[in-house]
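**Student:** One point on numbering: in the numbering used here, the residue at position 267 of the sequence shown is 282, and numbering is uninterrupted.
Cβ coordinates follow ideal geometry from the N, Cα and C atoms, glycine included.
There's a structure below that I have some questions on.
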Amino acid sequence: MSSNVTDLAKQISGIITTDIGLFILTTGLLGNILNIIVFLSLKTFRETSCAFYLTSASFANLIQLVATLFSRILITGYNIDLTQTSLFLCKLRPYVATIAPLMSISSMCFATIDQFTSLSIRWRHFNQRYIAAYLTIITFIFWCLVNIPVIIYNNITMASTNPVTWACSITNTNYSLYYNRFYISFLLGFLQLIIRIIFGLMAFINVRSLRNNQVPIIRLERDKQITSMVLIQTLVDVIISLPFFIYITYRSYTTIKDANDYFVFLVVLSTTNILYYATFSLGFYIYFCSSSRFRKQIIYVLVGIHLKYCCRINVQERNNNNQIIPQLTTNKPALSMNNIHTAQ
16 MSSNVTDLAK QISGIITTDI GLFILTTGLL GNILNIIVFL SLKTFRETSC
66 AFYLTSASFA NLIQLVATLF SRILITGYNI DLTQTSLFLC KLRPYVATIA
116 PLMSISSMCF ATIDQFTSLS IRWRHFNQRY IAAYLTIITF IFWCLVNIPV
166 IIYNNITMAS TNPVTWACSI TNTNYSLYYN RFYISFLLGF LQLIIRIIFG
216 LMAFINVRSL RNNQVPIIRL ERDKQITSMV LIQTLVDVII SLPFFIYITY
266 RSYTTIKDAN DYFVFLVVLS TTNILYYATF SLGFYIYFCS SSRFRKQIIY
316 VLVGIHLKYC CRINVQERNN NNQIIPQLTT NKPALSMNNI HTAQ
């Protein structure tokens, strides 16, 4: 009976991860690519440090979806796990899967803090793109160094003896506790959510007070747009990711007692985990639905800039191919007998 329950739990988990995961992966790749195109194409975004953080988050989201979610779909849905046979991949995948979400949430935290400081005269001078670039690079180096133990403690171990199966997992018990209770629950979970909620609300309050100040209308509309985009994304991320962090925290302090408990654990973990992955793919669609100005900017960038550019290149190539190359003709004078005689 316990074997049947375990098999059923794995089957349900595979369906959730594969079907919903493929949809999240596809929409996430498309959305993050469109985010990058828009943020890099428009001057109104290129001039703001907050848009730089959103662009960095989009790049990190792409890496997270490809390195983590795509490999998880292959492992759970199609039983393709290269980390069982390659020690290099066994160490590389969890290392990338650790750094990518940290860079994504760090960028989003910086974006909310940036929006709050940009509306304050006292702190506004920190909202510079070069400061955002330096801060992003320093943060990336910091996370790479701090998470070196992920490379050290992840190894290929024997998961079962009958039949013999192998798995890539953390081999150090203390680091496993740190990873589950501090890294996932605290760093990825509650800490970043608290930071984003606090500074997002303060930025929202400040942007509403700008109406009473003498602020250029263009800057006011831009600040309102970016602040609303960041705040709504924070709200959505809290709603869909909080169940995963709560359940992981709860399970890190409890043990699985029997097959029924394992069934509940695997199904709930798969459901909340796939919702957590959605936080790395919904950014573009949140911006698209929450901001009419962003929708117009999307159309302008895709049609008014890039489509016209492609059409202009095609027209130029067609004109070059249709040009008639003039042939050089030399009108040689007819030689008379006198000319021939003179030439001789």
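Taking the alpha helix (DSSP H) that Ser-133 falls in, what are its first and last residues?
**Tutor:** 102–133
**Student:** In the DSSP assignment, find the alpha helix (DSSP H) that holds Val-53 and state where it starts and stops.
**Tutor:** 36–56
**Student:** I'd like to check one pair, Thr-91 with Gly-43: are the Cβ atoms closer than 8 Å?
**Tutor:** no
**Student:** Can you look up Gly-29 in the DSSP assignment and give me helix, strand or coil?
**Tutor:** helix
**Student:** Could you tell me which of Thr-242, Ile-328, Lys-25 sits nearest to Tyr-93, measuring between CA atoms?
**Tutor:** Lys-25
**Student:** In this structure, how does DSSP classify Asn-76 when only helix, strand and coil are distinguished?
**Tutor:** helix
**Student:** Leu-208 to Pro-178, Cα distance in whole Å?
**Tutor:** 43 Å
**Student:** Keeping to the same chain, check which residues put their C-beta closer than 7 Å to that of Arg-144; ignore five residues upstream and five downstream.
**Tutor:** Ser-64, Phe-67
**Student:** For a quick check, are the C-beta atoms of Thr-264 and Ser-200 less than 8 Å apart?
**Tutor:** yes
**Student:** Given a cut-off of 8 Å, decide if Cys-124 and Arg-211 are closer than it, judged by their beta-carbon atoms.
**Tutor:** yes
**Student:** By DSSP, does Ala-24 sit in helix, in strand, or in coil?
**Tutor:** helix
**Student:** Just to confirm the assignment: which complete alpha helix (DSSP H) runs, minimum length 4, are found wholly within the stretch 261–302?
**Tutor:** Correct list: 274–293.
**Student:** Mind the definition here: the stretch 179–194 touches the stretch 133–142 only if three or more C-beta pairs lie below 8 Å; say whether that holds.
**Tutor:** no
**Student:** In its own chain, which residues sit with a C-beta less than 7 Å from the C-beta of Gln-359, not counting the 5 before and 5 after it?
**Tutor:** Unreliable placement is indicated for Gln-359, whose pLDDT of 37 sits below 50; the coordinate value is still reported in the next sentence. There are no such residues.
**Student:** To the nearest angstrom, how far is it from the Cα of Gly-46 to the Cα of Val-161?
**Tutor:** 30 Å
**Student:** Less than 8 Å between the beta carbons of Thr-151 and Ser-71, yes or no?
**Tutor:** yes
**Student:** Does the stretch 96–113 come close enough to the stretch 309–327 to have 3 or more Cβ pairs within less than 8 Å?
**Tutor:** no
**Student:** Can you list, in chain order, the residues of its chain whose CB lies under 8 Å from that of Ile-88, leaving out five sequence neighbours each side?
**Tutor:** Thr-32, Thr-33, Gly-36, Leu-37, Leu-40
**Student:** Any idea if Ser-238 is buried or exposed, counting beta-carbon neighbours within 10 angstroms, 16 or more meaning buried?
**Tutor:** The displayed chain sequence assigns Asp, not Ser, to residue 238. Asp-238 comes out buried.
**Student:** Leaving out five residues on either side along the sequence, give the residues of the same chain with a beta carbon under 8 Å from the beta carbon of Phe-205.
**Tutor:** Phe-260
**Student:** Compare the beta carbon distance of Phe-309 and Ala-218 with 8 Å and say whether it is the shorter of the two.
**Tutor:** no
**Student:** Leaving out the 5 sequence neighbours to the left and right, which residues in its chain are closer than 6 Å to Arg-196 when beta-carbon positions are compared?
**Tutor:** The beta carbon of Arg-196 is closer than 6 Å to those of Ser-267 in its chain, skipping five residues each way along the sequence.
**Student:** Considering only residues of the same chain and omitting the five flanking positions on each side of Asn-50, which have a CB-CB separation below 8 Å?
**Tutor:** Cβ neighbours of Asn-50 beyond the five flanking positions: Leu-69, Thr-70, Ser-73, Gly-298, Phe-299, Tyr-302.
**Student:** Measure from the alpha carbon of Phe-295 to the alpha carbon of each residue in Lys-272, Ile-171, Thr-83, then state which is nearest.
**Tutor:** Thr-83
**Student:** Using DSSP's beta-bridge definition, name the partner residues of Ala-182.
**Tutor:** Thr-172
**Student:** Shortest alpha-carbon distance to Leu-216 belongs to which of Leu-134, Asn-170, Pro-164?
**Tutor:** Leu-134
**Student:** So what does DSSP say about Thr-63, is it helix, strand or coil?
**Tutor:** coil
**Student:** Mark Tyr-168 as exposed unless 16 or more other C-beta atoms lie within 10 angstroms of its C-beta, in which case mark it buried.
**Tutor:** buried
**Student:** Under a three-way DSSP split, which group does Ser-306 fall into?
**Tutor:** coil
**Student:** Please state whether the Cβ-Cβ distance between Ser-119 and Thr-154 is less than 8 Å.
**Tutor:** no
**Student:** List the whole-angstrom C-beta distance separating Ile-48 from Val-316, where the pair is believed to meet the contact cut-off of C-beta under 8 Å.
**Tutor:** Contact doesn't hold; Cβ gap of about 12 Å is too wide.
**Student:** Decide if Asp-252 is buried, meaning its Cβ has at least 16 other Cβ atoms within 10 Å, or exposed.
**Tutor:** Counting Cβ neighbours within 10 Å, Asp-252 comes out buried, since at least 16 surround it.
**Student:** Can you tell me where the alpha helix (DSSP H) with Trp-138 in it begins and where it stops?
**Tutor:** Segment: none, Trp-138 is in no alpha helix (DSSP H) and carries neither H nor E.
**Student:** Express the C-alpha separation of Thr-242 and Ser-101 in angstroms, rounding to a whole number.
**Tutor:** 45 Å
**Student:** I believe Lys-106 touches Ile-163 by the beta-carbon criterion, under 8 Å. Please report the beta-carbon distance rounded to the nearest angstrom.
**Tutor:** Contact annotation, Lys-106 with Ile-163: C-beta distance approximately 10 Å; criterion of less than 8 Å not satisfied.
**Student:** Could you compute how far the alpha carbon of Arg-223 sits from the alpha carbon of Leu-117?
**Tutor:** In a straight line, the C-alpha of Arg-223 is about 31 Å away from that of Leu-117.
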